[in-house]
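Residue numbers for the sequence shown follow our numbering, beginning at 2 and rising by one.
Down below is the structure, laid out as structure tokens.
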Amino acid sequence: MIKAIQRARLLRGSILALGAIGFAPAAWANEAPAEDQQASPAGSQTSIQEIIVTAQRREESLQKVPVAVTAIGSEQLEALRVNSVRNLAGLAPSLQLNTQGQQSNPTIIIRGVSSGTSSNSVDPKVGIYIDGVYIGRAVGSLLDFSDIQRIEVLRGPQGTLFGRNATSGAISVVTAKPKGEWGVRATGSYGNYDAWRGKVSLDLPQIGPFFIKLSYLHDQIAGDVANTQAGRSLNIALRAPEFGTQRYVDRLGYRNVDAGQVAIHADFGNLTADYRFDYTDSNASGRAMQSFGVIPDASGQLLAPIIGLQSFFGGQTNLGVNGPLNSVAAATSNEHTVTQGHSLTLTLQANDNFTVKSITAYRKFRQDPVVFDLGAAGGLRFTFNQLGALITPGLTPQQIQGALFNPASAPGANDYFFPLLSARATNQSQFSQELQFQVTNDKFDLTAGVFYFHERSPGTEVLSILAPTPSATIVPSPLDAAFGSGITRTVGVNDSMAGYGQLTWHVTDTFDITAGLRGTIDDRELDIGVISGAQGGSLGVGKYKAEYKKLTYTGIATWRPTDQTMIFAKIATGYVSGGILSGIPYRPESLKSYEVGAKTQFLDNKVRLNVSAYYNDYTDLQTQNFINGRQFFDNAGKAKIKGFEAELDIVPVQGLTLSGSASYTHFDYDTFILNGQEVAAFARPTYFSPWTGRAAAVYNSPEFKGGGHVMALLEGRYRSSYFLTSTPLRNIMTGQPALENFNKQPSYWLLNGRLGLAEMPIGGASVSISAFGENLLNERYISFGAPVLLFTGTFERGRTYGVEASIAF
Numbered sequence: 002m003i004k005a006i007q008r009a010r011l012l013r014g015s016i017l018a019l020g021a022i023g024f025a026p027a028a029w030a031n032e033a034p035a036e037d038q039q040a041s042p043a044g045s046q047t048s049i050q051e052i053i054v055t056a057q058r059r060e061e062s063l064q065k066v067p068v069a070v071t072a073i074g075s076e077q078l079e080a081l082r083v084n085s086v087r088n089l090a091g092l093a094p095s096l097q098l099n100t101q102g103q104q105s106n107p108t109i110i111i112r113g114v115s116s117g118t119s120s121n122s123v124d125p126k127v128g129i130y131i132d133g134v135y136i137g138r139a140v141g142s143l144l145d146f147s148d149i150q151r152i153e154v155l156r157g158p159q160g161t162l163f164g165r166n167a168t169s170g171a172i173s174v175v176t177a178k179p180k181g182e183w184g185v186r187a188t189g190s191y192g193n194y195d196a197w198r199g200k201v202s203l204d205l206p207q208i209g210p211f212f213i214k215l216s217y218l219h220d221q222i223a224g225d226v227a228n229t230q231a232g233r234s235l236n237i238a239l240r241a242p243e244f245g246t247q248r249y250v251d252r253l254g255y256r257n258v259d260a261g262q263v264a265i266h267a268d269f270g271n272l273t274a275d276y277r278f279d280y281t282d283s284n285a286s287g288r289a290m291q292s293f294g295v296i297p298d299a300s301g302q303l304l305a306p307i308i309g310l311q312s313f314f315g316g317q318t319n320l321g322v323n324g325p326l327n328s329v330a331a332a333t334s335n336e337h338t339v340t341q342g343h344s345l346t347l348t349l350q351a352n353d354n355f356t357v358k359s360i361t362a363y364r365k366f367r368q369d370p371v372v373f374d375l376g377a378a379g380g381l382r383f384t385f386n387q388l389g390a391l392i393t394p395g396l397t398p399q400q401i402q403g404a405l406f407n408p409a410s411a412p413g414a415n416d417y418f419f420p421l422l423s424a425r426a427t428n429q430s431q432f433s434q435e436l437q438f439q440v441t442n443d444k445f446d447l448t449a450g451v452f453y454f455h456e457r458s459p460g461t462e463v464l465s466i467l468a469p470t471p472s473a474t475i476v477p478s479p480l481d482a483a484f485g486s487g488i489t490r491t492v493g494v495n496d497s498m499a500g501y502g503q504l505t506w507h508v509t510d511t512f513d514i515t516a517g518l519r520g521t522i523d524d525r526e527l528d529i530g531v532i533s534g535a536q537g538g539s540l541g542v543g544k545y546k547a548e549y550k551k552l553t554y555t556g557i558a559t560w561r562p563t564d565q566t567m568i569f570a571k572i573a574t575g576y577v578s579g580g581i582l583s584g585i586p587y588r589p590e591s592l593k594s595y596e597v598g599a600k601t602q603f604l605d606n607k608v609r610l611n612v613s614a615y616y617n618d619y620t621d622l623q624t625q626n627f628i629n630g631r632q633f634f635d636n637a638g639k640a641k642i643k644g645f646e647a648e649l650d651i652v653p654v655q656g657l658t659l660s661g662s663a664s665y666t667h668f669d670y671d672t673f674i675l676n677g678q679e680v681a682a683f684a685r686p687t688y689f690s691p692w693t694g695r696a697a698a699v700y701n702s703p704e705f706k707g708g709g710h711v712m713a714l715l716e717g718r719y720r721s722s723y724f725l726t727s728t729p730l731r732n733i734m735t736g737q738p739a740l741e742n743f744n745k746q747p748s749y750w751l752l753n754g755r756l757g758l759a760e761m762p763i764g765g766a767s768v769s770i771s772a773f774g775e776n777l778l779n780e781r782y783i784s785f786g787a788p789v790l791l792f793t794g795t796f797e798r799g800r801t802y803g804v805e806a807s808i809a810f
């Protein structure tokens, strides 16, 4: 299959030509899968459609499930051009997402709890599942799919039913099932930044008991910021031979992705089998990092004069305090990642009341060696002799000046200087097996099972701190120990085993009580082959093991006073395993949640309103921080989180659907120990907006006499202000906050729109065409920042637009 995908790249032009002008119509209500509902003509919708979800590991109506969950169906995903988890930010209440400079590494926040670290030793706090299979690492979890049936966003701790425990929530991606009849659908689009996207799905006729679907996606967009270091390279072989020489990219922020899927369904009567294969090959560059100034801490006292001298040595500082820069000097290379996975789900319907399900999966991920200029310092120029003049004690100002400007000490054509440079490579392979039992009758519903997960994940990271690179080569230096530069090699081997059960007792026709319990054992092993000082750890070279055991539970009371109203009260716990990040041991974190909610439909099913309110006790929360160029990862302390969420859908007139959501989250640290100091009084969660909101309108006109209809979409997503660092950056001399005007990002709206003709019958096929625009207001906001000696950050891309068409037959 991999070779077939590689050959498919050669056919890319044909695929894009087939669908070079495409659009998929959207029924804005989150619809049930096609096999669960009756198709209705476009523009004829007069009420809210039912949504089928698997939030409790069995198919149920959204309005009957006592869980805070948002389901996004295939038509809405098509209309919003969602092919990956990366595009979900703002689509569900309390869900916030950004990438950490490198596009493969996400930060995902649900209800104030943040997940995302590039380490191969830290478990995600948001569980991501593909067709019921848990994705073990945050890096590589932003997969691209050409054919998604539904995405569900579950909010709150997941401590009973889903594969691994999570304190924040879960995102479940369900890919489309084969239909068993001949069908082809192709979509293509072109937009600014030379953005091309082509998708094709092929359903084959049923062959005996087998149903087969093949899908392919190509998605590319050019970088939006020029790199003035384009074509230059950096030799890292003296640190890590396998890293060799890395060439800097021409532009920053590009993506070029090929992805394929195979879905096979087999029906053997009471036994069904579903095989899934997915493959994603991605080439991308990190976003352009720019500087907002030197952090005035201890390390900044040394770095500030180096920055100040750059005008004398021809260096480029990437200082951009007035907005996004059009070009930067970046020591960033191409990031190549390959992800693939196989899964086999066997379902035995033993009788009308008893079902057995087995989910077996193997996945692997590879990130080739890549340099990312997190410190925004690819253009700084300084030499070892000049650095020595600054740090040698006892020199007079005249001696220092003489050494700095001595022609023999001046930087040559390829001599550069990095406050912080990071190069890394990692890979991961995982195997998981789940055996699940479901019993359903008039008195109770029971879901129980056992789960096993194993992974192996080696990683290598090269760090250069306050490091000259003569002749564009990273060389070992006597200053390595003082500044923490060096190489870190680790291999993580993790096993997780769990048994779980959740019972819902139907006390009356309108009142249910649910109780769930899960026991988890996590065995962690980290083999540290070599470690750099900047990792900040207390453990040196060696093999370390740890075991963690946790019992988590769920309790729910559900009352249905009417057929269209459900009220629930819930208590739930979740946990994330402890472990060792490089040389830093850390404990598990846990969260206990109290929640009440209501799901209602009224006015003849023209209005759906779902609301919830929650209060969370968050203990031993795991946090990552950088201080004076060194990494700190620890259990910060305790926090209280409380908030509410609301989702509203209205069909006021035929063909028009109005949707909206709003959420508020208050996050308050009780204790936060950072580098041995209590900072709870002024600490704040990073990239976290207390308020989020969304408003959308979709109109599908009545069908024309000859077929087809007009479709229009207008959507806005809102985020309130947020901070980039967990504590204020402070001036070491005065103790006062510094650079806070860049640290706090103001609130913003992202406005998206679409207008087109849909489902026009042409020659036996159905053709759609539309124009689309995203971020129409051209908001330029800083989505990620890093306090790495310099305070650096990256602006997100501005307005994008284009045309899209689809054909189906």
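Built from N, CA and C at the ideal position, the CB exists for glycine as well.
- For Ala482, the enclosing alpha helix (DSSP H) stretches over residues Asp481 to Phe484.
- Rounded to the nearest whole angstrom, the C-alpha separation of Ala787 and Ala80 is 34 Å.
- Of the residues Tyr749, Val711, Ala285 and Val654, the one whose Cα lies closest to the Cα of Thr693 is Tyr749.
- For Leu464, the closest C-alpha among the options Leu239, Gly102 and Glu780 is that of Leu239.
- Inter-residue distance for Glu805 and Ala713 is about 14 Å (C-alpha atoms, whole angstroms).
- Under DSSP, Gly487 shares a beta bridge with Leu464.
- Of the candidates Val654, His667 and Leu592, Leu592 places its Cα closest to the Cα of Gly638.
- Judged by DSSP secondary structure, Gly754 falls within the beta strand (DSSP E) whose first and last residues are Tyr749 to Ile763.
- Cβ neighbours of Pro206 within its own chain (closer than 8 Å, five residues either side excluded): Gly181, Glu182 and Trp183.
- Judged by their CB atoms, Thr574 and Gly160 are nearer to each other than the 7 Å cut-off.
- Residues of the same chain with a CB within less than 7 Å of the CB of Ser190, apart from the 5 flanking positions on each side, are Gly23, Arg198, Gly803, Val804 and Glu805 in chain order.
- The beta carbons of Ile360 and Thr346 sit closer together than 7 Å.
- Sorting Ala516, Val542, Trp560 and Ala473 by C-alpha distance to the C-alpha of Thr509 places Trp560 at the top.
- Val258 is the residue among Tyr135, Val258 and Leu78 whose C-alpha sits nearest the C-alpha of Gln104.
- Taking 7 Å as the cut-off, the beta carbon of Phe293 is found closer than this to the beta carbon of Phe743.
- Leaving aside the five residues that flank Ser578 on each side, the residues in its chain whose CB is nearer than 6 Å to its CB run, in chain order, Asp124, Asp523, Tyr549 and Pro589.
- Residue burial is scored here from C-beta neighbours: Phe512 has fewer than 16 other C-beta atoms within 10 angstroms and is therefore classed as exposed.
- Looking at the DSSP output, Phe355 shares a beta bridge with Asn352 and Val440.
- Proximity to Gly315 across Gly321, Gly380, Asn335 and Thr348 peaks at Gly380, based on C-alpha coordinates.
- With a 10 Å radius around the Cβ and a threshold of 16 neighbouring Cβ atoms, Lys214 comes out buried.
- Taking the C-beta atoms as reference points, Val372 is found no nearer than 7 Å to Ala426.
- Three or more beta-carbon pairs separated by less than 8 Å link the segment 711-728 to the segment 681-690, which places the two stretches in contact.
- With respect to the 7 Å criterion, Tyr595 and Ile572 are classified as neighbours on the basis of their beta carbons.
- Taken in chain order, the complete beta strand (DSSP E) segments of 3 or more residues contained in the segment 687-721 are 692-701 and 710-720.
- Burial check for Val322: the Cβ neighbour count within 10 Å stays below 16, so the residue is exposed.
- In the structure shown, Ala809 adopts extended strand secondary structure according to DSSP, grouped into three states.
- Beta-carbon to beta-carbon, Ser539 and Gly485 are separated by about 14 Å, too far to satisfy the 8 Å threshold.
- The C-beta separation of Pro325 from Ala378 comes to about 18 Å, leaving the pair out of contact by the 8 Å criterion.
- Where Ile307 is concerned, the enclosing alpha helix (DSSP H) starts and stops at Ala299 to Gly309.
- The beta carbon of Gly164 lies closer than 6 Å to those of Tyr135 and Phe452 in the same chain, with the five residues before and after it left out.
- Only residues of its own chain outside the window of five on either side were considered, and among them Gly301, Leu304, Ala305, Ile308, Leu790, Leu791 and Phe792 have a CB closer than 8 Å to the CB of Val295, listed in chain order.
- Annotation for Leu582: the continuous beta strand (DSSP E) segment containing it runs Gly580 to Leu582.
- Per the C-alpha coordinates, the member of Gly543, Asp564, Gly500 and Phe445 positioned closest to Thr515 is Phe445.
- With respect to the 7 Å criterion, Leu752 and Leu778 are classified as neighbours on the basis of their beta carbons.
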